[in-house]
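Read through the structure below, which is laid out as structure tokens, and then see the notes.
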Amino acid sequence: MTVPLSYYLILSGFVFLTGVVGVLIRRNIIVILLSVELMLNATNINFVAFSEYFHNVAGQVFVFFALTVAAAEVAVGLAIIIALHRAHSSIYIDDLNLLKR
Amino acid sequence: MDHIFFFYFAAVIATTSLLVVALRNPVFSALSLLIMFFHVAGLYVTLHAEFLAAVQIVVYAGAILVLYLFVVMLLSIKSEERYHNQLPVAGLLGVMLCTEVILLFIKSQTSRMAPAAAADPVAGPGNTEMIGEALYSTYLFPFEVASLILLVAMIGAIILAKKDINEPVQ
Numbered sequence: 007m008t009v010p011l012s013y014y015l016i017l018s019g020f021v022f023l024t025g026v027v028g029v030l031i032r033r034n035i036i037v038i039l040l041s042v043e044l045m046l047n048a049t050n051i052n053f054v055a056f057s058e059y060f061h062n063v064a065g066q067v068f069v070f071f072a073l074t075v076a077a078a079e080v081a082v083g084l085a086i087i088i089a090l091h092r093a094h095s096s097i098y099i100d101d102l103n104l105l106k107r
Numbered sequence: 176m177d178h179i180f181f182f183y184f185a186a187v188i189a190t191t192s193l194l195v196v197a198l199r200n201p202v203f204s205a206l207s208l209l210i211m212f213f214h215v216a217g218l219y220v221t222l223h224a225e226f227l228a229a230v231q232i233v234v235y236a237g238a239i240l241v242l243y244l245f246v247v248m249l250l251s252i253k254s255e256e257r258y259h260n261q262l263p264v265a266g267l268l269g270v271m272l273c274t275e276v277i278l279l280f281i282k283s284q285t286s287r288m289a290p291a292a293a294a295d296p297v298a299g300p301g302n303t304e305m306i307g308e309a310l311y312s313t314y315l316f317p318f319e320v321a322s323l324i325l326l327v328a329m330i331g332a333i334i335l336a337k338k339d340i341n342e343p344v345q
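From first to last, the protein sequence lines stand for chains A and B.
Mind the numbering: the first sequence is residues 7 to 107 in this note's numbering, read in order.
Mind the numbering: the second sequence is residues 176 to 345 in this note's numbering, read in order.
Shown next, in the form of structure tokens:
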């Protein structure tokens, strides 16, 4: 007896929504990047679940690419955070409103 | 049986993803994200994607999250937590790990004579083999583009995090 596909979709939708809410409500940039990781993992769960249910390995290959993009995003994002911290000595997005002023 | 595993992994993934957003200390957020990564890897195993489970643990938990923790430790200096607060927890964990290591040593000495179980050879194309074939035939061009993305990200991260590119070396 296998788990229905809809359960995986509900789980990944919940995780994705949590990531969206985290991006929207948190002030710390590091936690915002962690929430982006949550969203990427939610899509990866979807990819693997569909790959299993359609017996097609392409979904797992796409997870591989998503992982590559996540690694690149983390490297560049953390470098940006370090540069911001050096310029403003703050990692809270309330303090980073240079373009609004 | 499948349902039990799925509900366990799903419950832990949902709880830890809520904790990532809800916890105040970014270190705790990162650690709950670590737990979530491990359980997502478990979910991949139940979905017969063993290679991706290994990659998930090695790349996400081993590389990406360590990078996050480095930056958190580097930046949030004004966090009020001191080492004294976690001394009891650290002591408890240390004692537990020490007893575990000692027990393992004792056990390995007593059961050294036991023959190692022969691993069954995998029959048919495995998960890793199928992914490799798809990756290097159908998706060869995206694979090369992915390596280019990694190169660009590496150069960009180095340039962004460097202090000043025109600064003379002292």
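Glycine is no exception: its CB is placed at the ideal position from the N, C-alpha and C atoms.
Residue i and residue j closer than 8 angstroms at C-beta
i, j, result
"Gly237/B", "Ala85/A", "no"
"Leu208/B", "Leu249/B", "no"
"Phe71/A", "Gly65/A", "no"
"Ala197/B", "Ala216/B", "no"
"Phe318/B", "Leu310/B", "yes"
"Asn302/B", "Ala186/B", "no"
"Tyr13/A", "Phe180/B", "no"
"Ile232/B", "His214/B", "no"
"Ser18/A", "Ala48/A", "yes"
"Ile36/A", "Val246/B", "yes"
Residue i, enclosing alpha helix (DSSP H) - first and last residue
i, result
"Pro317/B", "Leu315 to Ala336"
"Ile239/B", "Premise fails: Ile239/B is in no alpha helix (DSSP H) and is neither H nor E."
"Gly28/A", "Leu11 to Ile31"
"Arg199/B", "Here Arg199/B belongs to no alpha helix (DSSP H), and DSSP marks it neither H nor E."
"Ala48/A", "Ile35 to Tyr59"
"Asn302/B", "Asn302 to Ser312"
"Leu227/B", "Glu225 to Val230"
Contact with chain E by residue i, beta-carbon distance below 8 angstroms
i, result
"Val187/B", "Protein chains A and B are contained in the structure displayed, whereas chain E is not."
Beta-ladder partner(s) of residue i, from DSSP
i, result
"Asp98/A", "Note that residue 98/A corresponds to Tyr in the displayed sequence, not to Asp. Paired residue(s): Asn34/A."
| Quick one, which residues of the stretch 25 to 48 of chain A are near chain B if we go by CB-CB under 8 angstroms, in chain order? | Cβ contacts with chain B: Gly25, Val27, Gly28, Ile31, Arg32, Asn34, Ile36, Val37, Leu39, Leu40, Ser41, Glu43, Leu44 and Asn47.
| Is the number of C-beta pairs between the stretch 199 to 212 of chain B and the stretch 35 to 48 of chain A that are closer than 8 angstroms three or more? | Judged by Cβ distances under 8 angstroms, the stretch 199 to 212 of chain B makes contact with the stretch 35 to 48 of chain A, as three or more pairs qualify.
| message | Tell me which residues of the stretch 55 to 85 of chain A have at least one Cβ-Cβ distance to chain B shorter than 8 angstroms, keeping chain order. | response | Within the stretch 55 to 85 of chain A, those residues whose Cβ lies closer than 8 angstroms to any Cβ of chain B are, in chain order, Ala55, Ser57, Glu58, Val63, Ala64, Gln66, Val67, Val69, Phe70, Phe71, Leu73, Thr74, Val75, Ala76, Ala77, Ala78, Glu79, Val80, Ala81, Val82, Leu84 and Ala85.
| said: Give me the subset of the stretch 191 to 205 of chain B whose CB atoms are less than 8 angstroms from a CB atom of chain A, sorted by chain position. | reply: Correct list: Ser192, Leu193, Val195, Val196, Pro201, Ser204 and Ala205.
| Does the count of Cβ pairs from the stretch 183 to 195 of chain B and the stretch 11 to 27 of chain A closer than 8 angstroms reach three? | Yes, the stretch 183 to 195 of chain B is in contact with the stretch 11 to 27 of chain A.
| task | For the stretch 316 to 343 of chain B, enumerate the residues whose C-beta is nearer than 7 angstroms to any C-beta of chain A, in chain order. | result | Answer in chain order: Pro317, Ala321, Ile324, Leu325, Ala328, Met329, Gly331, Ala332, Leu335 and Ala336.
| request: Determine which residues of the stretch 206 to 218 of chain B have a Cβ less than 8 angstroms from any Cβ of chain A, and write them out in chain order. | output: Answer set for the stretch 206 to 218 of chain B: Leu208, Met211, Phe212, Val215 and Leu218.
| task | Spell out a yes or no on whether the stretch 260 to 276 of chain B and the stretch 76 to 95 of chain A are touching, meaning 3 or more CB-CB pairs, one atom from each, closer than 8 angstroms. | result | Here the stretch 260 to 276 of chain B makes no contact with the stretch 76 to 95 of chain A; the two share fewer than three CB pairs at distances below 8 angstroms.
| query | Listed in chain order, which residues of the stretch 90 to 102 of chain A have Cβ atoms closer than 8 angstroms to some Cβ of chain B? | reply | The stretch 90 to 102 of chain A vs chain B, Cβ under 8 angstroms: His91, Arg92 and Ile97.
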